[in-house]
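Read the structure below first, then the notes.
There are 2 protein chains.
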Amino acid sequence: MDNKEFVKDITNMDEDFAQWYTDIILKAELVDYAPVKGFMVIRPYGYALWENIQKILDAKFKQTGHKNAYFPLLIPESMLNKEKEHVEGFAPEVAWVTHGGENELAERLCVRPTSETIICTMYSKWIKSHRDLPLLINQWANVVRWEKTTRPFLRTSEFLWQEGHTLHSTAAEAKDETLKMHKIYADFCKNYLAIPVIMGRKSEKEKFAGAEETYTIEALMHDGKALQSGTSHYFGNNFAKAFNIKFQNKEGKEEFAYQTSWGMSTRIIGGIIMTHGDNRGLKLPPNIAPTQVVIVPIAQHKDGVLDKVEELKNILSVKYRVDTDIRDEYSPGYKFNYWELRGVPIRIEMGPKDIENGECILFRRDILQKEVIKIADIDSKIEETLANIQENMYKMAVKNVEDHTYVAQNLEEYLEIFNEKQGYVKIMWCGKQECEDKIKELTSSTIRCIPFEQENLSEKCAICGKMPNHMVYTARQY
Amino acid sequence: MDNKEFVKDITNMDEDFAQWYTDIILKAELVDYAPVKGFMVIRPYGYALWENIQKILDAKFKQTGHKNAYFPLLIPESMLNKEKEHVEGFAPEVAWVTHGGENELAERLCVRPTSETIICTMYSKWIKSHRDLPLLINQWANVVRWEKTTRPFLRTSEFLWQEGHTLHSTAAEAKDETLKMHKIYADFCKNYLAIPVIMGRKSEKEKFAGAEETYTIEALMHDGKALQSGTSHYFGNNFAKAFNIKFQNKEGKEEFAYQTSWGMSTRIIGGIIMTHGDNRGLKLPPNIAPTQVVIVPIAQHKDGVLDKVEELKNILSVKYRVDTDIRDEYSPGYKFNYWELRGVPIRIEMGPKDIENGECILFRRDILQKEVIKIADIDSKIEETLANIQENMYKMAVKNVEDHTYVAQNLEEYLEIFNEKQGYVKIMWCGKQECEDKIKELTSSTIRCIPFEQENLSEKCAICGKMPNHMVYTARQY
């Protein structure tokens with residue numbers, strides 16, 4: 002299989018983005034379809050990405066005082082029903098356990114779609130005094146939501162995530178927490194995943210079932226569709242009232258606690274793929290790549306080549322995540338494609354001549370360029386190049402957002418844009434759900450968020466022409 | 002609440018070991034009961050133990066070439082039914098999902114009790130050539146087994162675990178893998194958890210449903226009952242045949258692959274508690290303790306005390322897991338009990354006088370002894386003491402096993418021992434299930450394992466008097 006044939010297996014992203022995505026995730030062995038429709042198997046290479054995401058986020062959660070715990074998978078139906086809005090939002094999409102062993106259960110249990118209800122039940126037992134607050138707990142877990150239309154990572158009936166659930170003695174402190182985690186998600190996307198995001202809050206219609214406010218980070222995929230990438234909810238004391246979570250304040254009076262929750266899931270892996278990938282395959286930001294450097298020997302049967310490859314691997318492994326590809330059944334060309342498809346940021350090629358000259362070739366996945374470097378300089382060169390790739394990938398992603406961000410002053414302009422293009426369309430909005438519903442009906446785009454960074458585009462709501470309340474980002478979404 | 006009152010809350014372990022266990026797990030806030038019977042909530046302190054276990058085992062799995070992946074939670078009934086012995090073993094204890102969203106499912110799905118069947122289904126797709134082998138995959142996940150009698154950590158309807166599933170091209174290689182992981186578990190228990198284990202294999206009757214051989218590590222709890230603490234299974238090609246997992250060997254011929262699986266679960270936390278705990282509470286081996294050193298200030302309102310505590314914490318945190326307890330609503334005595342209950346290996350006490358003298362008090366949880374040490378020497382002193390505690394706890398656990406290991410030459414001696422005592426009883430066994438069933442019926446003890454280290458106790462099976470095949474360890478078990 003030569004170079005061209007290998008790439009030919011991947012559908013061109015400009016011709017069929019959805020098929021391109023499917024090709025990438027299967028061929029790079031990130032994921033496979035499970036026997037039950039809508040479920041996925043996360044294969045080792047995909048799971049290694051998730052492990053890196055977990056490691057980084059988990060450290061950030063712990064730095065900000067959160068501790069991990071684990072709550073049960075199965076939640077009694079009556080418990081799910083306690084908070085009205087919440088159950089309305091989730092009941093239609095949960096899986097129900099009706100039998101345990103050989104017996105039918107007295108009450109059916111839902112497989113958690115999210116854990117607010119079970120966690121609130123426990124919190125109401127644990128919290129007595131203001132001294133027990135804040136309570137800052139996170140959980141890494143699987144959840145199940147019975148979805149009709151599914152795509153691996155982006156929308157699956159089971160996914161992995163973390164869900165933080167915190168309790169506070171004041172509304173102000175809970176609001177601060179919500180925004181703090183919102184910012185941690187945004188910084189994580191920028192600094193590790195090289196994904197620029199819009200930070201803002203959801204409209205009334207789009208917010209989480211049971212929340213007072215939902216904050217979201219929205220990312221724009223290569224095809225101009227938006228991906229909701231992480232949400233943080235402020236609940237006020239809605240759940241505290243439904244679940245009777247009370248504490249004695251400093252004055253000795255009983256009060257309901259204030260609550261937040263926030264989550265990021267395996268969906269973000271879909272975001273990495275669709276932000277950075279190209280027609281050769283995945284392109285992984287160095288800060289998250291399971292393999293940052295792969296060393297591919299040339300003429301590996303020649304004396305000393307494999308020794309040198311091994312030597313280099315040992316040197317570089319001290320600081321970087323390094324792999325070698327010494328399979329003797331494949332040609333270097335095949336291996337180049339193999340690792341490009343898997344998005345490894347740097348490839349080192351090294352043959353007998355290079356070794357003789359004390360040199361090797363460094364290939365950058367982001368810009369597909371080769372450079373001859375001195376082996377003696379390799380450590381500093383790799384450090385510099387990885388940093389450079391990380392920065393460059395972020396810049397390219399920012400440029401993609403800029404190139405696909407439009408402004409519409411009125412409905413006509415709005416429809417025109419969505420007739421021809423995909424992207425963010427910024428509009429002024431009066432704040433009424435009527436206008437929100439209208440653009441969805443006409444273009445299947447939605448209000449992604451009311452961004453913190455407001456601009457005054459005009460004095461009229463782009464849909465109804467009345468006085469605007471906010472500037473909003475709209476887009477079609479995953 | 003003074004010192005004595007606090008300890009009084011814990012039932013004396015010699016009076017009622019089961020109640021002592023319940024007191025410890027609840028009062029040390031390791032766990033709480035979930036609303037659904039048989040399920041547990043793992044609270045942050047308990048989960049921190051699990052995180053440490055995960056971190057150490059995960060590194061050992063990766064060092065030995067394994068990669069993590071994630072397979073779906075829900076398994077179609079027809080898939081579970083494919084391996085006859087397996088389904089017979091597990092079907093009576095699985096939870097069934099019958100509805101997804103608002104619709105009844107065409108085929109019911111079981112919540113995984115273990116993942117052999119779903120993993121084999123995927124492996125049969127992935128494996129084509131001997132070059133794809135060995136396939137070495139591990140999964141960290143939750144599993145559900147509908148249990149009738151449950152106790153937190155020891156036996157719960159949902160628990161967390163890791164399950165390794167590997168495929169090999171030869172029986173010999175798969176057997177080696179099974180024994181390699183068996184040894185990793187045993188070494189982990191010894192070197193990190195300070196738990197001595199008996200290594201051996203299960204009898205035909207006690208082995209895993211579908212396995213050719215099951216290897217087990219057995220630990221003896223403080224009350225003389227055994228805990229099966231980690232198992233490794235060799236499947237031969239039983240599952241490969243049921244799931245059609247074939248590969249082309251080097252000669253180009255199709256063969257069935259050889260398979261293993263191995264697992265350790267949150268149950269081991271129960272093992273840590275019941276191996277080391279005492280009437281003051283938990284006693285945690287330093288190598289696994291979430292907090293290795295706690296610093297408790299004396300007269301913390303006095304000038305400079307809290308500064309010095311903070312300074313010391315910062316110094317020690319570089320190498321150790323350190324906590325401070327500067328809560329102003331509690332007395333030092335209360336705090337001492339609080340951290341003793343939680344099993345923290347070393348407590349540092351420090352008041353104005355100590356600081357003036359450049360000293361502090363070091364308290365060892367394992368032997369309940371105090372020592373005055375120089376603050377200048379604290380780093381090396383703590384390093385040395387932690388190592389010493391780890392070693393001493395292992396020695397104490399070994400002594401407990403020795404003190405509770407007996408030999409019975411015949412049934413009369415056997416019954417006599419189990420009338421009065423709990424512990425391991427070593428006997429010669431002919432190998433027949435009849436004899437195995439008999440001791441269970443008479444004493445509710447079982448054959449825990451056929452140990453690798455055989456001894457020749459006599460020329461007769463202790464039960465039937467016929468020619469013996471093995472020396473075995475028997476015990477009552479959790």
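Here the protein sequences line up with chains U and S, keeping their order.
If you read the first sequence in the working numbering, its first letter stands for residue 2, the second for the next number, and so on.
If you read the second sequence in the working numbering, its first letter stands for residue 2, the second for the next number, and so on.
Glycine included, each C-beta is placed from N, C-alpha and C at the ideal position.
So what's residue i in DSSP terms, helix, strand or just coil?
i	result
K427 (chain S)	strand
D3 (chain U)	Annotation note: pLDDT 42 at D3 (chain U) (below 50); position unreliable, coordinate value reported separately. Of the three classes helix, strand and coil, the one that applies to D3 (chain U) here is coil, per DSSP.
M41 (chain U)	strand
H471 (chain U)	strand
C462 (chain S)	coil
K56 (chain U)	helix
P353 (chain U)	helix
L31 (chain U)	coil
H360 (chain U)	Per the sequence presented here, residue 360 (chain U) reads as Glu, with His not at that position. Here E360 (chain U) sits in strand by DSSP.
K247 (chain S)	strand
R281 (chain S)	coil
A19 (chain S)	helix
V310 (chain U)	helix
P452 (chain S)	strand
L342 (chain U)	helix
What does residue i reach in chain U if we use C-beta pairs closer than 8 angstroms?
i	result
K191 (chain S)	Residues of chain U passing the Cβ test: none, with the nearest at roughly 27 angstroms.
F364 (chain S)	Within chain U, no residue comes near F364 (chain S); the closest Cβ sits about 25 angstroms away, beyond 8 angstroms.
Mind checking which residues open and close the beta strand (DSSP E) that includes residue i?
i	result
V373 (chain U)	370-375
A220 (chain S)	214-221
E105 (chain U)	104-112
N143 (chain U)	136-145
T118 (chain S)	Counting along the chain, T118 (chain S) falls outside any beta strand (DSSP E), though it belongs to the alpha helix (DSSP H) covering 117-127.
Take residue i as the anchor and find which of the options has the nearest alpha-carbon.
i	options	result
N288 (chain S)	S:A49, S:Y193, S:Y331, S:L50	S:Y193
G253 (chain S)	S:H131, S:L363, S:G231, S:T261	S:H131
S170 (chain S)	S:M394, S:L221, S:F248	S:F248
G282 (chain S)	S:Y22, S:D15, S:E16, S:D17	S:Y22
A463 (chain U)	U:N239, U:L416, U:E454, U:C450	U:L416
K126 (chain S)	U:V32, U:E384, U:W263	U:V32
A377 (chain U)	U:N393, U:V402, U:R366, U:E360	U:E360
P93 (chain S)	S:A290, S:D367, S:N104, S:L81	S:L81
S79 (chain U)	U:P73, U:V88, U:Y71	U:V88
Y331 (chain S)	S:P353, S:A300, S:A220	S:A300
L137 (chain U)	U:Y259, U:R328, U:I418, U:N338	U:Y259
A398 (chain U)	U:E117, U:H277, U:A212, U:V144	U:H277
What is the residue span of the alpha helix (DSSP H) that residue i lies within?
i	result
A241 (chain U)	239-244
F91 (chain S)	85-91
L168 (chain U)	Not the alpha helix (DSSP H): L168 (chain U) falls in the beta strand (DSSP E), residues 159-169.
D304 (chain U)	Segment: none, D304 (chain U) is in no alpha helix (DSSP H) and carries neither H nor E.
I379 (chain U)	379-404
D326 (chain S)	That residue, D326 (chain S), is in no alpha helix (DSSP H); it is neither H nor E in DSSP.
Strictly below 7 angstroms CB to CB, what residues from chain U border residue i?
i	result
T122 (chain S)	P36
I138 (chain S)	P45
N69 (chain S)	P45, Y48, E52
L27 (chain S)	Within 7 angstroms Cβ-Cβ: nothing; L27 (chain S) doesn't reach chain U, min ~11 angstroms.
Chain S partners of residue i, CB-CB under 9 angstroms?
i	result
R132 (chain U)	R328, E330
D1 (chain U)	The question about residue 1 (chain U) has no answer here: the residues shown for chain U are numbered 2 through 479.
F453 (chain U)	Simply none; closest approach about 32 angstroms.
L110 (chain U)	V37, A96
Using a C-beta to C-beta distance shorter than 8 angstroms, which residues of chain S count as neighbours of residue i?
i	result
W147 (chain U)	G101, G102
E159 (chain U)	P73, L74, L75
Please confirm whether any heavy atom of the ligand SAM lies closer than 7 angstroms to the CB of residue i.
i	result
K38 (chain S)	The ligand SAM is not part of the structure shown, which contains no ligands of any sort.
So which residues on chain U does residue i lean against when the C-beta distance must stay under 9 angstroms?
i	result
N470 (chain S)	Within 9 angstroms Cβ-Cβ: nothing; N470 (chain S) doesn't reach chain U, min ~35 angstroms.
Subject >> Within 8 angstroms of chain S by C-beta, residues of the stretch 283-302 of chain U in sequence order >> reply: None of the residues of the stretch 283-302 of chain U has a beta carbon lying less than 8 angstroms from any beta carbon of chain S.
Subject >> Chain-ordered residues of the stretch 79-101 of chain U with a beta carbon less than 8 angstroms from chain S >> reply: Among the residues of the stretch 79-101 of chain U, those with a Cβ less than 8 angstroms away from any Cβ of chain S are M80, P93, E94, V95, A96, W97, V98, T99, H100, G101, in the order of the chain.
Original post:
Closer than 7 angstroms, Cβ to any Cβ of chain S: which residues of the stretch 241-262 of chain U, in chain order?
Top reply: In summary, no residue of the stretch 241-262 of chain U has a CB separated from any CB of chain S by less than 7 angstroms.
**OP:** Taking only beta carbons into account, state which residues of the stretch 203-236 of chain S come closer than 8 angstroms to chain U, listed in chain order.
**Re:** For the stretch 203-236 of chain S, there are no residues whose beta carbon sits under 8 angstroms from a beta carbon of chain U.
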